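With the numbering used here, you'll find the sequence shown wraps up at 1275, consecutive numbering, no jumps.
Think of the CB as a built atom: it goes at the ideal place given N, C-alpha and C, for glycine as much as any other residue.
Since we're looking at a predicted model, the values are computed, not measured.
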Amino acid sequence: MSTNSGPRGQGEALDRALLELERWLETRPWRGFTAWWRAQTSRMQLGLAVTALVVLASVMNLCGSLGRSTSQVTQVIVPVVATARPAAPPPTLIAENAPADAGRSWTVTKVWQGSDSRDTEELTMAGHWRVDWIFSPAKGGGSLHVFIYSVEPRVLLYEAVGTQSGGADSSFWSGNGRFFLKINADRGDWKVAVQELR
């Protein structure tokens, strides 16, 4: 079998392929197909042509994807799962009326003041402590809520203050751990302090 190289050889190969196609078109199956095709209505011919194009595109897509899947290396990405230590239980905090403070005094640990809402920084508390507050609502009314949260895990423990009227008061607590306060204020000026019994 000889190979055709050059423009003249390629033209001869094309001529041979066209000749074979003409011979095949003259065979009996092709004549039967063309007779069947001409017997269809124009709508049916259009529907069959569109269906044939969709099937051809699907087959070509399938063949292309099969070729890609065998020639490429599949990379499997395994997610890294962080191993977390078990969550520590929140610190124990108990509300008190007022501790017996014979021979001890209250020492201011931290003071905050403002008219907006905020989270305080972390407080490391031990033993007996208290939350003092002063609130002056706006003329139309306002509210002040102070919540005690544990730092780790971040859990709401108590509402230390909940008022819609002006005034001042203290709430007393007993507990060791790391805490922070969430101060929610609406239309009013406030001052909040934490004191420890030492």
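Relative to the alpha-carbon of residue i, which residue among the options has its alpha-carbon at the smallest distance?
| i | options | result |
| --- | --- | --- |
| S1220 | L1091, D1266, H1205 and D1209 | D1266 |
| R1275 | L1170, V1185 and A1112 | V1185 |
| K1268 | F1256, H1222 and E1236 | H1222 |
| V1208 | V1271, I1171 and A1172 | V1271 |
| T1169 | Y1235, W1107 and Q1241 | Y1235 |
| W1210 | E1199, S1227, Y1226 and K1187 | K1187 |
Tell me the DSSP secondary structure of residue i in three-state form.
| i | result |
| --- | --- |
| T1128 | helix |
| A1237 | strand |
| E1273 | strand |
| S1135 | helix |
| R1120 | helix |
| P1214 | strand |
| M1078 | Annotation note: pLDDT 48 at M1078 (below 50); position unreliable, coordinate value reported separately. If DSSP states are grouped into helix, strand and coil, M1078 belongs with coil. |
| R1105 | helix |
| S1247 | strand |
| E1073 | In the structure as shown, the chain begins at 1078 and stops at 1275. Residue 1073 is therefore absent and cannot be evaluated. |
| T1111 | helix |
Under 8 Å by Cβ, that's how I've got residue i and residue j pegged, so tell me the actual separation to the nearest angstrom.
| i | j | result |
| --- | --- | --- |
| G1217 | E1273 | Their Cβ separation, rounded to whole angstroms, is 37 Å, which puts G1217 and E1273 out of contact at 8 Å. |
| T1201 | R1255 | 5 Å |
| G1243 | S1213 | 5 Å |
| S1248 | A1172 | 7 Å |
Counting pairs of beta carbons, one from the region 1251 to 1269 and one from the region 1186 to 1193, are three or more of them closer than 8 Å? yes
Are there three or more Cβ pairs, one per stretch, closer than 8 Å when the region 1172 to 1183 is compared with the region 1212 to 1232? no
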